[in-house]
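Our numbering numbers the first residue of the sequence shown as 3 and each following residue consecutively.
We put the CB at the ideal spot given by N, CA and C, even for glycine.
Just so you know, these numbers come straight off a predicted model, no measurement behind them.
Below you'll find the structure, written out as structure tokens, and then a few comments.
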Amino acid sequence: MCNFFHYKCFKNLIQPTGVFYVIGIDEFGTPTTAIQEFRHTPGSSEKSVTLTLDFDLRNFDTTNAYYRYLWCDITPSDAEAKYIFDKMKYDQSILALTDDEIVDKYIKGQYGYVTMLTGAQRKAISPSAPWGGTEWDKIFIIATGWDGAPTSPLYLYEFDPNNGQLTPLRGPDVK
Numbered sequence: 003m004c005n006f007f008h009y010k011c012f013k014n015l016i017q018p019t020g021v022f023y024v025i026g027i028d029e030f031g032t033p034t035t036a037i038q039e040f041r042h043t044p045g046s047s048e049k050s051v052t053l054t055l056d057f058d059l060r061n062f063d064t065t066n067a068y069y070r071y072l073w074c075d076i077t078p079s080d081a082e083a084k085y086i087f088d089k090m091k092y093d094q095s096i097l098a099l100t101d102d103e104i105v106d107k108y109i110k111g112q113y114g115y116v117t118m119l120t121g122a123q124r125k126a127i128s129p130s131a132p133w134g135g136t137e138w139d140k141i142f143i144i145a146t147g148w149d150g151a152p153t154s155p156l157y158l159y160e161f162d163p164n165n166g167q168l169t170p171l172r173g174p175d176v177k
């Protein structure tokens, strides 16, 4: 199941104290989740980093001159937890940022509208094709549990579509 959750809307909701009811809907307005209750008191959003994400990043497809795909299977430790999994523009200066700053930069780069996933997913990451050249641009692959604040460590990979090399940069297993 894939649920879409707009962070910008939720971010604006979590400022006041109160109880909020949220339901996931698809593009046709059909409910995709049960109604959930969220309680918030200012200052109560301490991070609870408990979610883990398992990845199987494989099957790099170079059979077409115009696109390349890296197929990714993502399995969260909690099937109901919301998480982000996407690509980001490659910029080495991002490596000097903290995990929270990287996630914030990603969210701002999406103009606050972030696709949230739940449950096990199979996604294809496709870097941009080269314009007038032969070199493909590197990208970052980012993943983190998110529920108004991080609920998992940040997972960050560098992906080079020229040779299929995938380098883990951040995450629980990166030293």
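Strictly by DSSP, which residues pair up with residue 118?
Taking the sequence shown and counting its residues from 1, the one referred to as residue 118 is at position 116. In DSSP, residue 118 forms no bridge with anything.
Which runs of the beta strand (DSSP E) fall wholly inside the region 86-162 and span at least 3 residues, in chain order?
You should have 123-127, 141-147 and 157-162.
Which of the three DSSP states, helix, strand or coil, is assigned to residue 53?
The sequence position of residue 53 within the sequence shown is 51, counting from 1. Coil.
So does the region 111-131 actually touch the region 67-79, counting three or more Cβ pairs closer than 8 Å?
Touching, per the Cβ criterion.
Would you kindly report the start and end of the unbroken beta strand (DSSP E) that includes residue 76?
Residue mapping note: residue 76 aligns to position 74 of the sequence shown, counting from 1. Run containing residue 76: 71-78, per the beta strand (DSSP E) assignment.
Using beta-carbon positions only, say whether residue 92 and residue 128 come within less than 8 Å of one another.
Start at 1 with the first residue of the sequence shown, and residue 92 comes out as number 90. Start at 1 with the first residue of the sequence shown, and residue 128 comes out as number 126. Cβ atoms of residue 92 and residue 128: not closer than 8 Å.
From what residue to what residue does the beta strand (DSSP E) around residue 34 run?
Taking the sequence shown and counting its residues from 1, one reaches residue 34 at position 32. Here residue 34 belongs to no beta strand (DSSP E), and DSSP marks it neither H nor E.
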